[in-house]
Amino acid sequence: MADTRTTGIPAKVTQGAKSKGGIGESTLRPDGTLKVTGEFAYSSDMWHEDMLWGQILRSTVAHAEIVSIDTSEALATAGVHAVLTHEDLPAAKNYGMEYQDTPVLAYGKVRHHGEPVALVAADHPETARRAAAKIRIEYRELPLITDEASALAPDAILVHEDRGDHHAGHVTHPNIVHRQPIIRGNAAEAAKRADVIVTGEYTFGMQDQAFLGPESGLAVPAEDGGIDLYVATQWLHSDLKQIAPCLGLPEEKVRMTMAGVGGAFGGREDISMQILASVLALRTGKPVKMVYNRYESFFGHVHRHPAKLHYEHGATKDGKLTHMKCKIVLDGGAYMSSTPSVVGNAASLSVGPYVVDDVEIEAIGLYTNNPPCGAMRGFGAVQACFAYEAQMDKLAAKLGMDPVEFRQKNAMEQGTIMPTGQPVDSPAPVAELLRRVKARPMPPERQWESSEGADVRALPGGLSNTTHGEGVVRGVGYAVGIKNVGFSEGFDDYSTAKIRLEVINGEAVATVHTAAAEVGQGGVTIHAQIARTELGVQQVTIHPADTQVGSAGSTSAGRQTYMTGGAIKNSCSLVREKVLEIGRRKFGSYHPAWASAELLLEGGKVVTDGGEALASLVDVLEDEAVEIEEEWRHRPTQPFDLVTGQGNGHVQYAFAAHRAVVEVDTELGLVKVIELACAQDVGKAINPLSVIGQIQGGTTQGLGVAVMEEIIVDPKTAKVKNPSFTDYLIPTLLDTPTIPVDYLELADPNAPYGVRGIGEAPTLSSTPAVLAAIRNATGLELNKTPVRPEHLTGT
Amino acid sequence: MRVNFTVNGRPQEADDVWEGESLLYVLRERMGLPGSKNACEQGECGSCTVRLDGVPVCACLVAAGQAEGRDVVTVEGLADYAKQRAEHGGCGTGACGTPGGTSLQDAQQWQAKPLDSQTGEGGELSPIQQAFIDAGAVQCGFCTPGLLVAADEMLERNPSPSDADIREALSGNLCRCTGYEKIMDAVRLAAARQSETAPSQGA
Numbered sequence: 001m002a003d004t005r006t007t008g009i010p011a012k013v014t015q016g017a018k019s020k021g022g023i024g025e026s027t028l029r030p031d032g033t034l035k036v037t038g039e040f041a042y043s044s045d046m047w048h049e050d051m052l053w054g055q056i057l058r059s060t061v062a063h064a065e066i067v068s069i070d071t072s073e074a075l076a077t078a079g080v081h082a083v084l085t086h087e088d089l090p091a092a093k094n095y096g097m098e099y100q101d102t103p104v105l106a107y108g109k110v111r112h113h114g115e116p117v118a119l120v121a122a123d124h125p126e127t128a129r130r131a132a133a134k135i136r137i138e139y140r141e142l143p144l145i146t147d148e149a150s151a152l153a154p155d156a157i158l159v160h161e162d163r164g165d166h167h168a169g170h171v172t173h174p175n176i177v178h179r180q181p182i183i184r185g186n187a188a189e190a191a192k193r194a195d196v197i198v199t200g201e202y203t204f205g206m207q208d209q210a211f212l213g214p215e216s217g218l219a220v221p222a223e224d225g226g227i228d229l230y231v232a233t234q235w236l237h238s239d240l241k242q243i244a245p246c247l248g249l250p251e252e253k254v255r256m257t258m259a260g261v262g263g264a265f266g267g268r269e270d271i272s273m274q275i276l277a278s279v280l281a282l283r284t285g286k287p288v289k290m291v292y293n294r295y296e297s298f299f300g301h302v303h304r305h306p307a308k309l310h311y312e313h314g315a316t317k318d319g320k321l322t323h324m325k326c327k328i329v330l331d332g333g334a335y336m337s338s339t340p341s342v343v344g345n346a347a348s349l350s351v352g353p354y355v356v357d358d359v360e361i362e363a364i365g366l367y368t369n370n371p372p373c374g375a376m377r378g379f380g381a382v383q384a385c386f387a388y389e390a391q392m393d394k395l396a397a398k399l400g401m402d403p404v405e406f407r408q409k410n411a412m413e414q415g416t417i418m419p420t421g422q423p424v425d426s427p428a429p430v431a432e433l434l435r436r437v438k439a440r441p442m443p444p445e446r447q448w449e450s451s452e453g454a455d456v457r458a459l460p461g462g463l464s465n466t467t468h469g470e471g472v473v474r475g476v477g478y479a480v481g482i483k484n485v486g487f488s489e490g491f492d493d494y495s496t497a498k499i500r501l502e503v504i505n506g507e508a509v510a511t512v513h514t515a516a517a518e519v520g521q522g523g524v525t526i527h528a529q530i531a532r533t534e535l536g537v538q539q540v541t542i543h544p545a546d547t548q549v550g551s552a553g554s555t556s557a558g559r560q561t562y563m564t565g566g567a568i569k570n571s572c573s574l575v576r577e578k579v580l581e582i583g584r585r586k587f588g589s590y591h592p593a594w595a596s597a598e599l600l601l602e603g604g605k606v607v608t609d610g611g612e613a614l615a616s617l618v619d620v621l622e623d624e625a626v627e628i629e630e631e632w633r634h635r636p637t638q639p640f641d642l643v644t645g646q647g648n649g650h651v652q653y654a655f656a657a658h659r660a661v662v663e664v665d666t667e668l669g670l671v672k673v674i675e676l677a678c679a680q681d682v683g684k685a686i687n688p689l690s691v692i693g694q695i696q697g698g699t700t701q702g703l704g705v706a707v708m709e710e711i712i713v714d715p716k717t718a719k720v721k722n723p724s725f726t727d728y729l730i731p732t733l734l735d736t737p738t739i740p741v742d743y744l745e746l747a748d749p750n751a752p753y754g755v756r757g758i759g760e761a762p763t764l765s766s767t768p769a770v771l772a773a774i775r776n777a778t779g780l781e782l783n784k785t786p787v788r789p790e791h792l793t794g795t
Numbered sequence: 796m797r798v799n800f801t802v803n804g805r806p807q808e809a810d811d812v813w814e815g816e817s818l819l820y821v822l823r824e825r826m827g828l829p830g831s832k833n834a835c836e837q838g839e840c841g842s843c844t845v846r847l848d849g850v851p852v853c854a855c856l857v858a859a860g861q862a863e864g865r866d867v868v869t870v871e872g873l874a875d876y877a878k879q880r881a882e883h884g885g886c887g888t889g890a891c892g893t894p895g896g897t898s899l900q901d902a903q904q905w906q907a908k909p910l911d912s913q914t915g916e917g918g919e920l921s922p923i924q925q926a927f928i929d930a931g932a933v934q935c936g937f938c939t940p941g942l943l944v945a946a947d948e949m950l951e952r953n954p955s956p957s958d959a960d961i962r963e964a965l966s967g968n969l970c971r972c973t974g975y976e977k978i979m980d981a982v983r984l985a986a987a988r989q990s991e992t993a994p995s996q997g998a
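Line by line, the protein sequences give chains A and B. Numbering-wise (my numbering), the first sequence opens with residue 1 and increments by one. Numbering-wise (my numbering), the second sequence opens with residue 796 and increments by one.
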């Protein structure tokens, strides 16, 4: 084994696992074999006899009235079965997750570059593409709203003229989607106590989820007039609620089944091709497959909100924060998507994992003619973390303090009151996480040197062979962040699990049926682990996720292990009660222990808490099956007050810290990240291998934002300039350093097994840690993501 | 047009192929082999990596017609390909990824066996496939087929790669889920297992 392995799996599991393959073990993915053999069916692999291929024609301009659409030439193309515009839509013309402001196909106007305008179905994808190119659309261009200034100008054209959403009433301008202030204490008064005050303007670029599996799926018209849909999504039931009205069908006639999902990261929370493929299928009476290519994928889903953040912090000379004021402007683009929730997150987490009693916070989300933005891993907390962590370094520098010590001095802990007035009521080991990343040994200096000279692969510039170490400077940076887990602000957030226990071929087998989206995170692995632990069985079948069972909620917000894990645990315990009832009925008279309330299911048997076996599950159940479908909720939350921002809005918080070590070729402005160490509290690692995988993956997406990733929108045209993997760069194996992971398991007493959502927190602190390291190496201020070579060389 | 070529050891012919179709399209949509993935269609992501006469290529950049008379190995045939290689000892098939690659005769000494389409079971996995599962290198799995083909080819050329070698060899394969650490682990694991089981070789 190579000696450079830096990631470890804890040797010992301290609690939980009662049967083999239960919680706390690194059991392997049940879909692993299918995925390594190429047999796993992703949404783009769906195939049906006689199927057609769907193709979307998208707008070439960002803001315009549609004067006319001429489909005649496209319709006349051999092999084309249908060409549709908004006039052909069967029912509701708009959809949307929080508010239905997004047209299925544009009518009246287009509001962003790449908006769907027309549809083609043909017998070959190339035929469909060529026919779509023959559709003639005449646009009359309108003035563009591209930023805060143009959106809020007194004579600004309105992106949406007749808003009917529930935020419209409280915003200060109709081009503001949502505004969330938070006022606590008296920031102006507290500022007088400050010995130092620092301010900063920060710019966060638009990030793409860049999941590798493009938007795709298959819609099959059914004999009952309904439709069977095989798609990749993060939330089947949210899709269903939006799709059915647009097809004019009752929900029970839209039967959705999860197809294999090639990554998500927030980008599949909104609808993409679901309605469009269904409309074509209903119209043609044939199955329709639709697959975006990469270019189209960049237009086919919402992105991470780009943001401008203005911060002011004060501190006393002994290093205590006095106050914080901030204004965060998030560009939501042309349609609402989840912008209001992103605004709520950015505002409520804008202070970071620090104790600050006196704050003045304002976050707004804009409607513009830029690409729509919505959910992406970290969801509003990412942008804020980039800014407040830069501020922490500035303050520490101004005070002459160590940046880690300064953070530790102000770190929140259990019991801290958030700016929203909500107490942090479970472990918050912020100082400890920082201590752990700092205590880690440093990677060796000049690690590019070898007996044969410089190995350029270990240097900035890599195989471009731009330096052998000349001009290369090392820098080290730290950051820590706070992310909420689960759906917040009073949302009725629940999941549903249907559990069946029965004897098959002489063995007790559990079936777990949920609608939870497996997007790669390993939900299917832990669902089986939980069932084994709770029901004491070995064999667990994971039923495909579909809409024949109740909603699982979204695979997002770090919530699925908590929520669907919690629902499975809950339904399993109800199944256990029924099994014990049957056992008592059959065998109660043979052994007094059956009357005990402390009976467990372990190793295929009913056992006492002392470990005595009373009966096998096979004997208890015989040919009887026990099945329970039940909803499960986390504790309720409250909306944030629209004036003061006060309210117990969040369910749980997650914390991660990073230390970045970078080497910068200061002459060419090239950065190589050498190591990106992470420490995170995970509450309880249900599957340690998956936990580490999530942390490393999240860390790498943060690294991407720091040094390479940005969707560039031309401010003059509002057009996307780099919709390809040639021009939008994501980290390769050569860009990604070793990512040592150190995790804590401090149980949250409110959560099932003490779990804490883990997927998002590492995406927060990764970016500012890398930025801090580059600042440390170069002495430059660097207030923008991503850092590009010209920012380092000044050229 | 008609294209005749060998896929995973079996002679195949594809009819009615439009001249603009890629090898990837023909494999996925005409041969019923969707294991090779289409993620960017412009050779940037490596998800469609297959071996063409032994050489790893992005199947999306190869015109179907260019495959005429040639030998293609996809992820679906990887396990048998690796097994044949192991049985012939090291580079015994001659399919060792050097330009020029596999001779047709060598390639046809082995045949891919179908797997159970529901469970994927019934076939033996290649060392690199097993290592990807064991090391946790698979999350969404969309990059996995291309990475497996590329990593297997690298290990064939370089049975004990350094970390820098692995990073360089697999830098053309994007993964968005894992942060690559578990992929590094998997390749190291496969190399280590291979060195434990392989008979001592001169090279």
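We put the CB at the ideal spot given by N, CA and C, even for glycine. Quantities reported herein were computed from a predicted structural model and do not represent experimental measurements.
The C-beta of residue 859 of chain B comes no closer than 7 Å to any C-beta of chain A.
Ranking A:48, A:766 and A:693 by CA distance to the CA of residue 977 of chain B puts A:693 first. Straight across, the Cα-Cα distance linking residue 535 of chain A with residue 21 of chain A is about 12 Å. With respect to chain B, the C-beta atom of residue 20 of chain A has no partner C-beta closer than 7 Å. Within chain A, the C-beta atoms nearer than 8 Å to that of residue 929 of chain B come from 28, in chain order. Secondary structure note for residue 526 of chain A: its alpha helix (DSSP H) is the uninterrupted segment 523-535. No Cβ of chain A is located within less than 7 Å of the beta carbon of residue 876 of chain B. Take residue 270 of chain A, set aside five residues on each side of it, and the residues of its chain with a beta-carbon closer than 7 Å to its own are 97, 301, 302, 337 and 374, in chain order. Distance from the CA atom of residue 285 of chain A to the CA atom of residue 82 of chain A, rounded to whole angstroms, is 11 Å. In the three-state scheme derived from DSSP, where H, G and I count as helix and E and B as strand, residue 542 of chain A is classed as strand.
Annotation: residue 638 of chain A is outside any alpha helix (DSSP H) and is labelled neither H nor E by DSSP. In terms of Cα proximity to residue 707 of chain A, the closest of A:716, A:717, A:729 and A:713 is A:729. By the Cβ neighbour-count rule, residue 74 of chain A is buried, with 16 or more other Cβ atoms within 10 Å of its own. Assignment of residue 484 of chain A by DSSP, reduced to helix, strand and coil, places it in the strand class. Taking 7 Å as the CB threshold, residue 939 of chain B lines the interface with chain A. The DSSP-derived three-state label of residue 578 of chain A is helix. Contact annotation for residue 261 of chain A against chain B: 935 and 937 [CB-CB distance below 9 Å, chain order]. For residue 954 of chain B, no chain A residue has a Cβ inside 9 Å of its Cβ, as the nearest lies near 13 Å away. In terms of CA proximity to residue 122 of chain A, A:80 leads the group A:91, A:143, A:145 and A:80. Per DSSP, residue 714 of chain A is not a residue of any beta strand (DSSP E), being assigned neither H nor E. For residue 266 of chain A, no Cβ of chain B is located within less than 7 Å of the residue's own Cβ.
For residue 200 of chain A, the enclosing beta strand (DSSP E) covers residues 196-204.
In the three-state reduction of the DSSP assignment, residue 76 of chain A falls in the coil class, being assigned neither a helical nor a strand state. Scanning A:101, A:335 and A:107 for the CA closest to the CA of residue 68 of chain A turns up A:107. Within chain B, the residues 962, 963 and 966 have their CB atoms less than 8 Å from the CB of residue 734 of chain A, given in chain order. By the beta-carbon neighbour count (other beta carbons within 10 angstroms, threshold 16), residue 348 of chain A is buried.
Contact between residue 474 of chain A and residue 777 of chain A holds, since their C-beta atoms are separated by about 6 Å, short of 8 Å.
The beta carbon of residue 650 of chain A sits closer than 6 Å to the beta carbons of 484 and 488 from its chain, once the five residues preceding and following it are set aside; these are given in chain order. The CB of residue 992 of chain B never comes closer than 9 Å to any CB in chain A; the least such distance is about 14 Å. Within the stretch 810-837 of chain B, the residues whose Cβ lies closer than 9 Å to any Cβ of chain A are, in chain order, 813, 815, 816, 820, 823, 824, 827, 828, 829, 830, 831, 832, 833, 834, 835, 836 and 837. Around the beta-carbon of residue 527 of chain A, 16 or more other beta-carbon atoms lie within 10 Å, marking it buried. For residue 477 of chain A, the beta-bridge partners assigned by DSSP are A:660.
In terms of beta-carbon proximity, residue 114 of chain A stays away from the interface with chain B, with every pair separated by 7 Å or more. Flagged as an interface residue toward chain B: residue 294 of chain A, by a C-beta distance shorter than 7 Å. In the same chain as residue 549 of chain A, and ignoring 5 residues on each side of it, the C-beta atoms closer than 7 Å to its own belong to 496, 498, 513, 514, 515 and 629, in chain order. For residue 842 of chain B, the CB contacts under 8 Å within the same chain, skipping 5 residues up- and downstream, are 831, 832, 833, 834, 835, 937, 938, 940, 941, 968 and 969 in chain order.
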